[in-house]
Each structure stands twice: as C-alpha cells, then as structure tokens.
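According to numbering that gives the first Met the number 0, numbering within the sequence shown proceeds without interruption in unit steps and concludes at 219.
Think of the CB as a built atom: it goes at the ideal place given N, C-alpha and C, for glycine as much as any other residue.
Here the structure is a predicted model, which is why all the values come from computation and not from measurement.
Read through the structure below, which is laid out as structure tokens, and then see the notes.
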Amino acid sequence: MIRRNRIAIAVAGGMAAVLALVMWTSNATGLQGRTVAQTEQVGAAAQGDYGDVQEPLAPPTSEEAAPVEEPVEEPAADAPEGQAAPAPSGPQVTLVGKSVPKMGEVVQDGDGRTLYRFDKDTPDPAKSNCEGQCAVTWPPVLSNGKPQLQGVDPALVSTVKRADGTDQVTLDGWPLYTYAKDEAPGQWKGQGVGGTWFVVRPDGKRNVECLPPGVTAPAA
0 MIRRNRIAIA
10 VAGGMAAVLA
20 LVMWTSNATG
30 LQGRTVAQTE
40 QVGAAAQGDY
50 GDVQEPLAPP
60 TSEEAAPVEE
70 PVEEPAADAP
80 EGQAAPAPSG
90 PQVTLVGKSV
100 PKMGEVVQDG
110 DGRTLYRFDK
120 DTPDPAKSNC
130 EGQCAVTWPP
140 VLSNGKPQLQ
150 GVDPALVSTV
160 KRADGTDQVT
170 LDGWPLYTYA
180 KDEAPGQWKG
190 QGVGGTWFVV
200 RPDGKRNVEC
210 LPPGVTAPAA
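Structure representation (structure tokens):
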C-alpha cells in the first residue's frame, strides 16, 4: 500500500514538472513572438518615414522657368512695286552774303560760319584739290540740292562732284569750305592760313582784309 502511494506521488510530481515545462515554453514563445512583431513594426515605421535606406530619397524637382519670349522684329515695309524707295535727305545749305565789322564782305552758311576758298583749287573747270586730312580741317560745303541764297547771285552758284561722289557747292567756280577751328559763328580764324586760304566774298573773289602778320595779299 505504501509502495503504491509512493509511485502515485512520483507520477504526479513528474506530470506537474512536465506541465510546468510546457507552460514555460509557451510563455517564452509568446514573448519572443511579441518581440519580433514589435521589431518589425518599428522597422516598417522607420522605412515609411525616411525612405528606403538602400535608395536615397530623390531630390525635389524644381519647376522649370518658363522660356522668355523675345520680341520678333518685323521687317521694314518695302516700297510699292515700281516705286523707288525714298533717298536719304541731304544737308540743307544756305549761303548768306553780308558785310561784317572789320572783315567787310563775306559769305556765311545758315549757321553763321564763315566760308573760305582755296587757291590750289581751280575754278574753270571747277575742281577741289582738298582731300583726306585736308578735308577734315577744311570741311567742304556739301549739298544734294540747290542751296538757298541770300545776298548771293544765283548765277554764280553751282556744285562740283568730289572724288567721293558728293556734291560740293561752288561760288564763281571756286569750291567752298568751312574751317574746323572756327568754334563760333562769325569767326574767321582760317583767314590767310598757309597763304592759300581766304575768306570768300559774295562775288567769289578773295577777301584780303584782316590778314594775319606775315601773310601778304596775293596778286589778283
């Protein structure tokens, strides 16, 4: 009887140990499952917030600037068929014959600049021999049309073709010039320069008044 009780107690103790082991194993498995699940959730959240660490986030794209449209120049309208385009307007020339203090009879242009003639030119046929730098210092009086005249005989006024194709006004055959160093209307700083440049009179002759020292009047 005592032996049976001992066997029963031993069996009951073994069963209790087995049951305890089973329960411990089950709890450990559940805890491990929860830990894995929580770890997976944290990884998923991190991946969703910051992007895949294997592929960096694409840089934000900026909107392309709209192309700037440049204005297109319209071609100039052509002249109607059969009609020539208008030629550029030439200088408006005015010759004014007048008497001024000290100098006497002179010819000026419309701006009051004194006009000159050059003894190295020829009046018959009319020809200018002042070219290049000479024409810079002594600008020729040019005109594309008939000059306006005041106090000058129209019969004495004409033009001559220069080497560059422009038309220079002549007075009694002599080509007319201004002087670059005459800085104000009415000046005659070019009088007698080189013994060949002289203020011109309304009849085309030399004006030999107010000659600078050392310059003598040439023979008529």
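In its own chain, which residues sit with a C-beta less than 7 Å from the C-beta of residue i, not counting the 5 before and 5 after it?
i, result
"valine 207", "Phe197, Ala216"
"methionine 102", "Trp187, Val198, Asn206, Glu208, Cys209"
Using a 10 Å radius around the Cβ and a threshold of 16 neighbouring Cβ atoms, would you call residue i buried or exposed?
i, result
"valine 92", "buried"
"glycine 189", "buried"
"glycine 203", "buried"
"serine 98", "exposed"
"valine 135", "exposed"
"proline 201", "buried"
Can you determine whether any heavy atom of the ligand HEM sits closer than 8 Å to the C-beta of residue i, and answer yes or no?
i, result
"glutamine 107", "As far as ligands go, the structure on display features none, and thus does not contain the ligand HEM."
Can you list, in chain order, the residues of its chain whose CB lies under 8 Å from that of residue i, leaving out five sequence neighbours each side?
i, result
"aspartate 110", "Pro184"
"aspartate 108", "Val92, Thr93, Leu94, Val95, Leu114, Val140, Thr177"
"aspartate 123", "Gly172"
What whole-angstrom Cβ distance do residue i and residue j have, given they're in contact under 8 Å?
i, j, result
"threonine 177", "proline 138", "5 Å"
"valine 220", "valine 106", "It is not possible to answer for residue 220, since the shown part of the chain is limited to 0 through 219."
Return the chain-ordered list of same chain residues with a C-beta closer than 6 Å to the C-beta of residue i, the five sequence neighbours on each side being excluded.
i, result
"leucine 175", "Leu114, Val140, Val168"
"serine 157", "Thr169"
"alanine 179", "Thr136"
Take residue i as the anchor and find which of the options has the nearest alpha-carbon.
i, options, result
"aspartate 152", "Lys160, Asp171, Asp123, Ala179", "Asp171"
"alanine 162", "Glu130, Lys119, Ala154", "Glu130"
"threonine 165", "Ser127, Asp120, Val214", "Ser127"
"threonine 195", "Arg112, Leu155, Lys119", "Lys119"
"cysteine 133", "Pro146, Pro100, Glu182, Phe117", "Phe117"
"threonine 121", "Glu182, Val214, Ala154, Val159", "Val159"
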